[in-house]
Amino acid sequence: MKGISYSRYGGPEVLEYGELRDPKVGPDQVLVKVRAAAVNPVDWKCREGHLDALLDAVFPVIPGWDVSGVVVRPGVSVTEFGAGDEVIGYVREDFLSRGTFAEYVAAPVRTLARKPRNLSFEEAAGLPLAGLTAYQVLVKALDVQRGETVLVHAAAGGVGSLAVQIAAHLGARVIGTAGTSNHDYVRALGGEPVAYGEGLAARVRGLAPDGVDAVFDTVGGDTLKVSANLLAPEGRLASIADPEVLGHGGRYAFVRPDAEDLRHLSQLAERGVVTVHVQETFPLERAADAQRLSQEGHTRGKLVVTPAREDEEGDVWAGNDEGALYTSSQEGTF
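If you're matching positions, the sequence shown starts at 12 in my numbering and goes up one per residue.
The following block contains the structure:
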């Protein structure tokens, strides 16, 4: 199969596009034909080695944890999905190697849910990691309740934009930090925008004089310190960006794959509660450009990469005696 990989840590230049080993499908895995894979900041952080203390890298590494696509074949013990099902997934394992920036991925069934029918594959690819992060922080770490006021940082970004929508759905009043060019976007999501930067504390206090009940930090550093001082009595603080949040009595959160949470997010999308904005789509071979743009940190919503579609609509996948897969329009293996 074709895909993106890197054989050493480094900048975007270490990413290579070419032929990769076809994935094997374990008993509890599902072979998915990738239609789209979202780009996340964690992708370039992994590529640069920043998560080396947490995750072993088995080189060559295929980057990417988000996927939307079509099931080709379920593993022998999988009953939840069948060939032809459209799925989404946050395909993170406990090591770096078999990611989603490729034509196919063998995804553990625990990482998958059915794709929202009303979202395109590109939109759906942007839901799993960012949506699960937002949902798990708001519901499980912060326990946001109806009538509370929540401050969401970087509210126009991939995680922030979904956090604004989910917090509003939970019945909270949402204040979101964003650049002025994104203020209308944040309002459309259901939030009250404030400009980040110098004077942030005064601007938030102007909207919430008694402080906010919960803060969802996606930035860290000085923003985290300011946020801790904006909490109302008994207010809660969680960060996905800075473990120093623990020193402020808050929670440090790292998203985990959860099929039930992902199914719930898919249902919210089908009900129109959450939407995914895709800023730009790149062909898979330009994944390095997509990661460069992600690393600049000014994305509205999501960036997505898409493999070339070479199979014909309506192809039926089958297997030969050696277990290789082929379609009615192909000879040999994929």
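In this text, a Cβ means the ideal position worked out from N, Cα and C, and glycines have one as well.
| query | How many Å lie between glutamate 324 and proline 119 at the Cα? | reply | With a pLDDT of only 47 at glutamate 324, under the threshold of 50, the placement of this residue in the model should not be trusted, and no figure is reported.
| query | Taking the Cβ atom as the reference point for each residue, do asparagine 129 and glutamate 281 lie within a distance shorter than 7 Å? | reply | yes
| task | Please name the residue or residues paired with alanine 124 in a DSSP beta bridge. | result | Ile99
| request: Compare the Cα-Cα distances from alanine 124 to each of Thr160, Gly80 and Tyr115 and report the closest residue. | output: Gly80
| What's the C-alpha gap between leucine 138 and lysine 313? | 9 Å
| Within this structure, are the beta carbons of alanine 212 and alanine 174 separated by less than 7 Å? | no
| query | Can you tell which of Val215, Val53, Ser250 and Tyr207 has the C-alpha that lies nearest to the C-alpha of phenylalanine 227? | reply | Ser250
| Excluding sequence positions up to five away, which residues of its chain have a Cβ less than 7 Å from the Cβ of valine 91? | Reading the sequence as shown, one finds glutamate at residue 91 and not valine. Same-chain partners within the cutoff: Val120.
| From this set, Pro268, Asp233, Ala135 and Thr191, which residue's C-alpha is nearest valine 50's C-alpha? | Ala135
| field | Own chain, CB closer than 7 Å to valine 197, minus 5 neighbours either side, in chain order | value | Ala166, Ala167, Val175, Gly187, Ala189 and Pro204
| field | glutamine 196: first and last residue of the uninterrupted alpha helix (DSSP H) it sits in | value | Note that residue 196 is tyrosine in the sequence shown here, rather than glutamine. Element bounds for tyrosine 196: 194 to 200.
| Do you know offhand how far leucine 140's Cα is from aspartate 195's? | 25 Å
| message | What ranges does the beta strand (DSSP E) occupy inside the stretch 213 to 239, keeping only unbroken runs of at least 3 residues that lie completely in it? | response | 223 to 228
| message | I need the straight-line Cα distance from glycine 37 to glycine 169, nearest angstrom please. | response | 31 Å
| What are the boundary residues of the beta strand (DSSP E) that includes leucine 242? | 242 to 250
| message | Taking the straight line between their C-alpha atoms, what separation do you get for valine 230 and proline 71? | response | 30 Å
| request: State the DSSP-derived secondary structure class of lysine 313, mapped to helix, strand or coil. | output: strand
| query | Looking only at its own chain, which residues have a Cβ that is under 6 Å from the Cβ of proline 318, when we skip the five neighbours before and after it? | reply | Val45, Glu114 and Leu295
| So, arginine 58 versus tyrosine 101, is the Cβ gap smaller than 7 Å? | no
| query | leucine 162 to arginine 19, Cα distance in whole Å? | reply | 38 Å
| query | Do alanine 179 and glutamate 159 have their CB atoms nearer than 7 Å? | reply | no
| said: Less than 7 Å between C-beta atoms, sequence neighbours within five positions excluded: which residues of the same chain meet that for glycine 222? | reply: Leu241, Leu242, Ala243 and Gly246
| message | Suppose the cutoff is 7 Å on Cβ atoms and the five residues either side in sequence are ignored; what does the same chain contact list for alanine 252 look like? | response | Asp228, Thr229, Val230 and Gly231
| field | Pairwise C-alpha distance: alanine 199 and arginine 262 | value | 29 Å
| said: So, with DSSP's three-state summary, where would you put glutamate 323? | reply: The predicted model places glutamate 323 with a pLDDT of 42, which falls under 50 and marks its position as unreliable; any figure quoted below should be read in that light. Note: glutamate 323 maps to coil in three-state DSSP.
| task | Report the rounded CA-to-CA distance for glutamate 133 versus glycine 14, giving the unit in angstroms. | result | 17 Å
| message | Can you tell me where the alpha helix (DSSP H) holding phenylalanine 346 begins and where it ends? | response | Coverage of the chain is limited to positions 12 through 345, which leaves residue 346 absent and any answer about it impossible.
| query | Where does aspartate 39 sit, in a helix, a strand or coil, going by DSSP? | reply | coil
| request: Starting from glutamate 203, follow its DSSP beta bridges and name the residues at the other end. | output: Ile186
| task | Along the alpha helix (DSSP H) that carries tyrosine 146, what are the first and last residues, could you check? | result | 139 to 146
| task | Below 8 Å CB to CB, which residues in the same chain sit around asparagine 193 once its five sequence neighbours on both sides are set aside? | result | Ala166, Ala167, Pro204 and Arg311
| Can you name, in chain order, every residue of its own chain whose Cβ lies under 6 Å from the Cβ of aspartate 96, other than the five neighbours on each side? | Val82
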